[in-house]
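Comments concern the structure below.
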Amino acid sequence: MNGLSLGIPGVGAVSPGTHFCTLYSGPAERDRLLFPFLQEGLRCGDKCLCLIDDVEPALVRDLALGQPGRDYSRRSAQLDVERTSDAYLRSGEFSVADMMSFLCESADAAIADDFDLLRAAGEMSWVLPGPPGWEDLFRYESALNHAVEQMPAILMCLYDLQKFGAQML
Numbered sequence: 051m052n053g054l055s056l057g058i059p060g061v062g063a064v065s066p067g068t069h070f071c072t073l074y075s076g077p078a079e080r081d082r083l084l085f086p087f088l089q090e091g092l093r094c095g096d097k098c099l100c101l102i103d104d105v106e107p108a109l110v111r112d113l114a115l116g117q118p119g120r121d122y123s124r125r126s127a128q129l130d131v132e133r134t135s136d137a138y139l140r141s142g143e144f145s146v147a148d149m150m151s152f153l154c155e156s157a158d159a160a161i162a163d164d165f166d167l168l169r170a171a172g173e174m175s176w177v178l179p180g181p182p183g184w185e186d187l188f189r190y191e192s193a194l195n196h197a198v199e200q201m202p203a204i205l206m207c208l209y210d211l212q213k214f215g216a217q218m219l
């Protein structure tokens, strides 16, 4: 399963076990990255997970899935959309170990449900209010690089330059 398309125009193929961060500027640019990524996963039969706070999860589902029709129920079962803060701050604070466990469990569940690949996108603005544990963000990004190599997954972290700025990144 090499040479997987991300669905993002101008970006080449990747292999399972890939983690990458996207830098964008504003919601419109985020959507030009996020929705093709999710839609390509749906098209390929991947399990898709989207963690987002800036858009209602139901709207993300509607936009990613498109109009009901043939294969709609299958596509709907492929896509989980959750609030970013509900995943990254499940215990009320950020924990690298908790988040790594969440992602490993998500990949294991995808495989158990007969998906070959987990395609996950996580918006990272949850860190900006400075919740407890946020200072481990860069340790988490580094840990993802190592953990994803052992997973049948492609992980995309989304950073809005309008929110984070160059100093943070």
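Take 51 as the starting number for the sequence shown in the numbering used here and just add one per residue. Built from N, CA and C at the ideal position, the CB exists for glycine as well. Note that the structure is a prediction, hence the values are computed from the model and not measured.
Contact under 8 Å by Cβ, residue i with residue j
i, j, result
"Thr134", "Asp103", "yes"
"Ala22", "Leu167", "No statement about residue 22 is possible, as the shown extent of the chain runs from 51 to 219 and does not include it."
"Phe152", "Gly183", "no"
"Thr72", "Leu208", "yes"
"Ala159", "Cys100", "no"
"Ala63", "Ser55", "yes"
"Met174", "Phe87", "no"
"Arg80", "Asp210", "yes"
Residues of its chain near residue i, where Cβ-Cβ distance is below 8 Å and the 5 sequence neighbours each way are ignored
i, result
"Leu92", "Cys98, Ala114, Leu115, Arg125, Gln128 and Leu129"
"Met218", "none"
Rounded straight-line distance, which links the Cα of residue j to that of residue i
i, j, result
"Arg82", "Ala162", "31 Å"
"Gly53", "Val110", "26 Å"
"Leu84", "Leu178", "20 Å"
"Ala216", "Leu194", "22 Å"
"Cys154", "Glu199", "11 Å"
"Gly142", "Glu191", "20 Å"
"Met150", "Pro107", "22 Å"
"Glu185", "Cys94", "36 Å"
"Arg169", "Pro66", "9 Å"
"Pro77", "Phe188", "23 Å"
"Asp121", "Val105", "25 Å"
"Ser123", "Gln117", "11 Å"
"Asp112", "Gln212", "26 Å"
Same chain, Cβ closer than 7 Å to residue i, five either side skipped, listed in chain order
i, result
"Trp176", "Asp103, Thr134, Ser135, Tyr138 and Leu139"
"Phe70", "Met206"
"Pro181", "Leu139, Glu143 and Phe144"
Presumed contact (8 Å Cβ cut-off) between residue i and residue j, rounded CB distance
i, j, result
"Gly57", "Gln89", "6 Å"
"Ala147", "Met201", "No, Ala147 and Met201 are not in contact; Cβ-Cβ is about 16 Å, not under 8 Å."
Residues near residue i by beta carbon distance below 6 Å, same chain, minus five either side
i, result
"Glu132", "Leu101"
"Phe214", "none"
Suppose only complete runs of 3+ residues qualify. What are the beta strand (DSSP E) ranges in the segment 55-132, listed by chain order?
Qualifying beta strand (DSSP E) stretches, in chain order: 68-74, 97-101 and 129-132.
If you scan the segment 138-198 from start to end, which runs of the alpha helix (DSSP H) of 4 or more residues do you find wholly inside it?
List check, alpha helix (DSSP H) in window: 146-162 and 187-197.
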